[in-house]
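In order, the protein sequence lines correspond to chains Y and L. So the first sequence is numbered by numbering that gives the first Met the number 0: it starts at 0 and just counts up by one. So the second sequence is numbered by numbering that gives the first Met the number 0: it starts at 0 and just counts up by one. Backbone N, C-alpha and C fix where the C-beta goes; we use that ideal spot for every residue, glycine too.
Number of protein chains: 2
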Amino acid sequence: MRKVALCLGISIDGYIARRDHTFDFLFLPEDYSMQPFFDRIDTAFLGRKTWEVTKELGPPGSGEGTQSFVFSHQLEPGERDGVIFTRERPEAVVERLRREPGKDMWLMGGGELVRHFLREDLVDDLYLGIVPTLLGDGIPLFPAGFPQRDFRLVGHESYSRGLVTLRYERSR
Amino acid sequence: MRKVALCLGISIDGYIARRDHTFDFLFLPEDYSMQPFFDRIDTAFLGRKTWEVTKELGPPGSGEGTQSFVFSHQLEPGERDGVIFTRERPEAVVERLRREPGKDMWLMGGGELVRHFLREDLVDDLYLGIVPTLLGDGIPLFPAGFPQRDFRLVGHESYSRGLVTLRYERSR
């Protein structure tokens with residue numbers, strides 16, 4: 000089955016960005032690569048705000064071949080700027096994609112979309128990169144407001160500059 | 000120097016307890032022991048609410064020999080029930096204890112006391128035990144409202160049932 004993997008960098012206190020949406024505190028150490036993760040996905044899911052603050056970095060994933068869905072009630076639906084804007088419910092999109100052949104799907108955030116996915120129990124894998132900083136305030140990856148979801152630890156690794164990755168699978 | 004170590008179990012989403020102050024989701028695996036940590040401390044710091052919900056478990060640490068301070072503006076100051084109630088500012092207590100010989104000091108929480116300690120930059124070591132659960136709501140270990148504090152990764156270990164410990168030192 001095509002899985003939905005939530006994969007993001009966060010501070011020790013669980014923030015994906017500062018209040019002003021900057022994320023300068025996140026880093027990718029030289030001995031760490033996103034490529035193995037990018038190789039297993041062909042789809043990315045983003046909320047509108049996450050799309051707005053990351054679009055200048057280029058398309059999600061390895062670029063070509065990754066289909067990105069931006070969930071937004073405000074923006075006009077349709078394909079443009081290399082992504083697909085949609086007003087569909089995420090669970091409908093995920094269910095349809097799971098019936099089609101393909102690779103895994105990357106839930107890129109932000110917090111509001113993550114909460115919706117967790118409410119609907121759509122997250123199969125958690126892949127967190129924890130940078131060694133307490134930010135003290137910011138935009139949380141896991142805003143409160145979804146039922147308890149248990150996971151199974153799959154692995155934990157450390158990289159230079161103190162990055163730790165934690166990998167979990169949903170335990171249903 | 001006597002260090003202040005924040006050592007606590009949390010969910011993946013950073014909660015020390017459910018909204019009703021229960022913490023049934025936390026566990027200590029058989030292959031994990033708090034004893035090495037208890038051996039390095041002789042002092043514990045608690046907020047009033049944390050004291051109220053943990054006092055039935057017995058005195059903090061290994062028991063005898065650990066001096067526990069409960070910070071409370073409401074309760075009458077003085078020594079009783081095996082702990083010292085105080086209205087002093089935490090930074091004054093820590094500063095005084097650091098001038099006396101002794102072991103390290105355990106910041107047991109809860110979140111409001113942790114925030115105060117982080118505002119005053121009193122936390123030297125972070126020692127987190129992460130249980131493989133997203134709780135979805137609860138009492139956060141790191142409530143927002145303190146300046147950014149950077150740390151250095153010292154170690155990470157995993158134990159049975161998916162507990163991961165992350166150990167950090169303050170990088171000043």
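Where residue i falls: helix, strand or coil (DSSP)
i        : result
His72/L  : coil
Asp136/Y : coil
Gln34/Y  : helix
Thr53/Y  : helix
Gly8/L   : strand
His155/Y : strand
Leu96/Y  : helix
Arg88/Y  : coil
Val113/Y : helix
Arg118/Y : helix
Gly77/Y  : strand
Gly46/L  : strand
Arg166/Y : strand
Gly128/Y : strand
Gly161/L : helix
Arg1/L   : coil
Arg148/Y : strand
Residue i at chain L interface by Cβ criterion, 7 Å
i        : result
Pro146/Y : yes
Ser157/Y : yes
Pro131/Y : yes
Asp149/Y : yes
Phe26/Y  : no
Val3/Y   : no
Val163/Y : yes
Leu7/Y   : no
Asp123/Y : no
Gly13/Y  : yes
Tyr167/Y : yes
Distance CB(residue i)-CB(residue j) smaller than 7 Å
i        : j        : result
Ser159/Y : Pro28/Y  : yes
Phe43/Y  : Met0/Y   : Note that residue 43/Y is Ala in the sequence shown, not Phe. Against a cut-off of 7 Å, the Cβ pair of Met0/Y and Ala43/Y comes out as no contact.
His155/L : Leu165/L : yes
Leu140/L : Ile9/L   : yes
Thr85/Y  : Pro76/Y  : yes
Gly137/Y : Arg114/Y : no
Asp149/Y : Thr53/L  : no
Ala4/Y   : Asp103/Y : yes
Gln147/L : Gly135/Y : yes
Cys172/Y : Tyr126/Y : The requested residue 172/Y does not occur in the structure, where chain Y is confined to residues 0 to 171.
Asp123/Y : Lys48/Y  : no
Gly13/L  : Gly13/Y  : yes
Neighbour flag for residue i against chain Y, beta carbons, 7 Å
i        : result
Leu152/L : yes
Phe141/L : yes
Tyr126/L : no
Asp136/L : yes
Presumed contact (8 Å Cβ cut-off) between residue i and residue j, rounded CB distance
i        : j        : result
Ile15/Y  : Ile129/Y : Actually they are not in contact, since the Cβ atoms of Ile15/Y and Ile129/Y sit about 12 Å apart, beyond 8 Å.
Leu45/L  : Pro59/L  : 7 Å
Val93/L  : Val82/L  : Contact flag wrong, Cβ pair sits at about 17 Å.
Leu74/Y  : Ser157/L : Not really, about 42 Å apart at Cβ, beyond 8 Å.
Pro142/Y : Phe116/Y : 12 Å between Cβ atoms; not a contact.
Query raised in the report: Pairing CB atoms from the stretch 34-42 of chain Y with CB atoms from the stretch 14-26 of chain Y, are three or more of them under 8 Å?
Result: no
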